[in-house]
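In order, the protein sequences belong to chains A and B.
Those letters in the first sequence? Residues 7 to 278, by our numbering.
Those letters in the second sequence? Residues 7 to 278, by our numbering.
There are 2 protein chains.
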Amino acid sequence: MSDAPDFDGLSCPAPLAGHDTVQLAHGAGGRLSAELIDAHVLPRFRNDLLAKLEDQAVFTLPPGRVAFSTDTFVVTPLEFPGGDIGDLAVNGTVNDVAMSGARPLYLSVGLVLEEGLPLALLDRILGSMERAAHAAGVSVVTGDTKVVDRGSCDGMFVNTSGIGVVPDGVALSAASLRPGDAVLLSGTIADHGMAVMSVREGLSFRSTIQSDTAALGGLVADLLAAAPGLRALRDPTRGGLATTLNEFAHASRVGIRVEDGAVPVRDDTAAA
Amino acid sequence: MSDAPDFDGLSCPAPLAGHDTVQLAHGAGGRLSAELIDAHVLPRFRNDLLAKLEDQAVFTLPPGRVAFSTDTFVVTPLEFPGGDIGDLAVNGTVNDVAMSGARPLYLSVGLVLEEGLPLALLDRILGSMERAAHAAGVSVVTGDTKVVDRGSCDGMFVNTSGIGVVPDGVALSAASLRPGDAVLLSGTIADHGMAVMSVREGLSFRSTIQSDTAALGGLVADLLAAAPGLRALRDPTRGGLATTLNEFAHASRVGIRVEDGAVPVRDDTAAA
Chain A
7 MSDAPDFDGL
17 SCPAPLAGHD
27 TVQLAHGAGG
37 RLSAELIDAH
47 VLPRFRNDLL
57 AKLEDQAVFT
67 LPPGRVAFST
77 DTFVVTPLEF
87 PGGDIGDLAV
97 NGTVNDVAMS
107 GARPLYLSVG
117 LVLEEGLPLA
127 LLDRILGSME
137 RAAHAAGVSV
147 VTGDTKVVDR
157 GSCDGMFVNT
167 SGIGVVPDGV
177 ALSAASLRPG
187 DAVLLSGTIA
197 DHGMAVMSVR
207 EGLSFRSTIQ
217 SDTAALGGLV
227 ADLLAAAPGL
237 RALRDPTRGG
247 LATTLNEFAH
257 ASRVGIRVED
267 GAVPVRDDTA
277 AA
Chain B
7 MSDAPDFDGL
17 SCPAPLAGHD
27 TVQLAHGAGG
37 RLSAELIDAH
47 VLPRFRNDLL
57 AKLEDQAVFT
67 LPPGRVAFST
77 DTFVVTPLEF
87 PGGDIGDLAV
97 NGTVNDVAMS
107 GARPLYLSVG
117 LVLEEGLPLA
127 LLDRILGSME
137 RAAHAAGVSV
147 VTGDTKVVDR
157 GSCDGMFVNT
167 SGIGVVPDGV
177 ALSAASLRPG
187 DAVLLSGTIA
197 DHGMAVMSVR
207 EGLSFRSTIQ
217 SDTAALGGLV
227 ADLLAAAPGL
237 RALRDPTRGG
247 LATTLNEFAH
257 ASRVGIRVED
267 GAVPVRDDTA
277 AA
């Protein structure tokens, strides 16, 4: 990674052939597409698999069952306190893979860009994806970029799909819960949702609530080592804690009792 | 598959709780999301992995290197002569996986739906995906559905990511071409692009040009058996034949001479 770009994002690639916004031709598969990929995408995710620019990545996986997940991210605004659509898209899929007990290894990235999107904003988001992938220990090995007419998408959408390998002996499932099990939360709830909403709705709070987007692969590995009897893991997103517990209860045919005061919520998040 | 829905698409699921178009709440992760998945998606792609509704699918792959590809489909109009965004999305990724010489096995599907999309149209497209996946011998094992505000996307976008396994001894690459190699085309060019454009631009032709969207996994297996010295395969999409040959020439540092009369184009496609 000696030729990796500045992690602080202080250096930006030069504008493409005089453009400082995304053009329709950037998605048409011709010369301008190649320039976009060469100048803005490849320097971020440099690895031998992606560099081949084949229409698919081919690699050998370590032994074990394969975990495969996908998620499309459509958040507005694209940048919010504590993160942006880039690290959200990397962490979201890394975590969905990790929740099976798998070690996340490889990601695909599918970008849908709106004509007119500032290239400087795209660069910030790609930089954020690069840092998130690096922190999570995953490689972006294949991708796709489409450009849609102005007004046809909300700035940009990002799909990430991820592959990981589940160690032998690990079998987590929402259907495995048994009476007597305890529910553990790894942190306060609702911070991400409230951080996004605070910007979207133009709300202002005395204390800025930050998204807690983060990759949880390391936490999962530690959990599996400390608690080999673990039944199921979930990274709650849309629907939050309530939807997750409902899905668990439904899949395992159990009831789950939640004690109101035992669910950690930051004071400022609760106030918001 | 005895409980699979009618492949002719003659039976449609009942509208959701009185809705006949996609609502924002269908993407919010709550009750209406669950109803959309249960009533419209799961009956199409019924398999044990998807039915678990975990945030990831976990499976064992046969031995061999893994091929992984992604593509987001943003075609307008969503339906066109010879196909729709659904079979296009399945075939496109199946083919990108197959072009490595791999046997395509598993797909993810990420839907971005625009508020107000008719559910009957969504059902036709999902039915088309189901038939395409069945024809290609792949299973849709994990997915994601988002709904965006009216005007935020062009009806629907579909991301598919695919996983396949490359048999030992097969190593195809755009960088493998050598002087003296021949270029083979599997059919006429430009039919798909012209079929889409004919509808988009309101053009009408005496003879309807049909998209030639199809899964090519079987063709690839036959090719590998008949021509073990095969260097590289590509399923040309955006940019067409010219871009593909340019990418091959660039990756292999060779020149490619194309004889104009030797490129097969249907008369009506050429006229259009």
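The beta-carbon is built from N, C-alpha and C at its ideal position, and this holds for glycine as well.
All of these numbers come straight from a predicted model, not from anything done at the bench.
Go ahead and pull the three-state DSSP assignment for residue 71/B.
Residue 71/B falls in the strand class under three-state DSSP.
State the Cα-Cα distance for the pair residue 104/B and residue 125/A, rounded to the nearest angstrom.
Distance from the CA atom of residue 104/B to the CA atom of residue 125/A, rounded to whole angstroms, is 33 Å.
Within the segment 206-245 of chain B, note down every full alpha helix (DSSP H) run reaching 4 residues or more, in order along the chain.
223-232
C-beta neighbour in chain A for residue 200/B, strict 7 Å:
no
Determine the closest residue to residue 146/B out of 53/B, 58/B, 42/B, with distance taken between C-alpha atoms.
53/B
Nearest to residue 31/B by CA position, among 151/B, 109/B, 127/B, is which residue?
151/B
Going by C-alpha to C-alpha distance, which of 81/B, 162/B, 48/B, 169/B sits closest to residue 99/B?
169/B
I'd like the list of long-range same chain contacts for residue 122/B, defined as Cβ closer than 6 Å, with 5 residues on each side in sequence excluded.
27, 156
Report all residues from its chain with a CB closer than 6 Å to the CB of residue 10/A; omit the five preceding and five following residues, and keep chain order.
Low per-residue confidence applies at residue 10/A: pLDDT is 41, beneath 50, and the placement is therefore not dependable enough to give any value.
Under a three-way DSSP split, which group does residue 169/A fall into?
Assigned with DSSP and collapsed to three states, residue 169/A falls in strand.
Which residues, taken in chain order from the segment 50-73 of chain A, show a beta carbon closer than 8 Å to some beta carbon of chain B?
58, 59, 60, 61, 62, 63, 64, 65, 66, 67, 71, 72, 73
List the endpoints of the continuous alpha helix (DSSP H) containing residue 142/A.
125-142
Counterpart residues of residue 116/B in DSSP-defined beta bridges
According to DSSP, residue 116/B bridges with 150/B, 165/B.
C-beta neighbour in chain A for residue 263/B, strict 7 Å
no
Let me know the secondary structure DSSP gives residue 39/A once reduced to three states.
helix
Euclidean distance between Cα positions of residue 66/B and residue 70/A
7 Å
With 8 Å as the C-beta to C-beta threshold (strictly closer), list the residues of the segment 135-151 of chain A near chain B in chain order.
147, 148, 149, 150
Which listed residue (244/B, 49/B, 72/B) has its alpha carbon closest to that of residue 176/B
In terms of CA proximity to residue 176/B, 72/B leads the group 244/B, 49/B, 72/B.
Could one say the Cβ of residue 25/B lies closer than 7 Å to chain A's Cβ atoms, at least one of them?
no
Short-range partners of chain A found in the segment 216-229 of chain B, where Cβ spacing is below 8 Å
none
If you draw a straight line from the C-alpha of residue 116/B to the C-alpha of residue 75/A, how long is it?
Each residue's alpha carbon lies about 10 Å from the other.
If I measure Cβ to Cβ from residue 165/A and keep anything under 6 Å in the same chain, skipping five residues before and after, which residues do I get?
The answer, listed in chain order, is 78, 116.
7 Å is my cut-off, CB to CB: does residue 188/B come that close to chain A?
no
Cβ of residue 88/B within 7 Å of Cβ of residue 36/A?
No, they are not a contact pair.
Considering Cα atoms alone, identify which of 198/A, 194/A, 229/A is closest to residue 267/A.
In this structure, 194/A is the residue among 198/A, 194/A, 229/A with its C-alpha nearest to the C-alpha of residue 267/A.
Element boundaries [alpha helix (DSSP H), containing residue 103/A]
91-104
Less than 7 Å between CB atoms is the rule here; does residue 250/B satisfy it with respect to chain A?
no
Please name the residue in 237/B, 221/B, 261/B whose C-alpha comes closest to that of residue 97/B.
221/B
Measure the Cβ-Cβ separation of residue 106/A and residue 171/B and say whether it is below 7 Å.
no
Cβ closer than 8 Å: which chain B residues qualify as neighbours of residue 169/A?
72, 74, 169
What whole-angstrom Cβ distance do residue 110/B and residue 206/B have, given they're in contact under 8 Å?
No, residue 110/B and residue 206/B are not in contact; Cβ-Cβ is about 29 Å, not under 8 Å.
Would you mind stating whether residue 50/B and residue 136/B have Cβ atoms separated by less than 7 Å?
yes
Span of the alpha helix (DSSP H), counted from its first residue to its last, around residue 277/B
273-277
Just checking: is the beta-carbon of residue 37/B within a distance shorter than 7 Å of some beta-carbon in chain A?
no
Tell me whether the beta-carbon of residue 180/B lies closer than 7 Å to the beta-carbon of residue 253/B.
Yes.
Work out the CA separation of residue 263/B and residue 142/B for me, nearest whole Å.
Cα to Cα, the separation comes out at about 33 Å.
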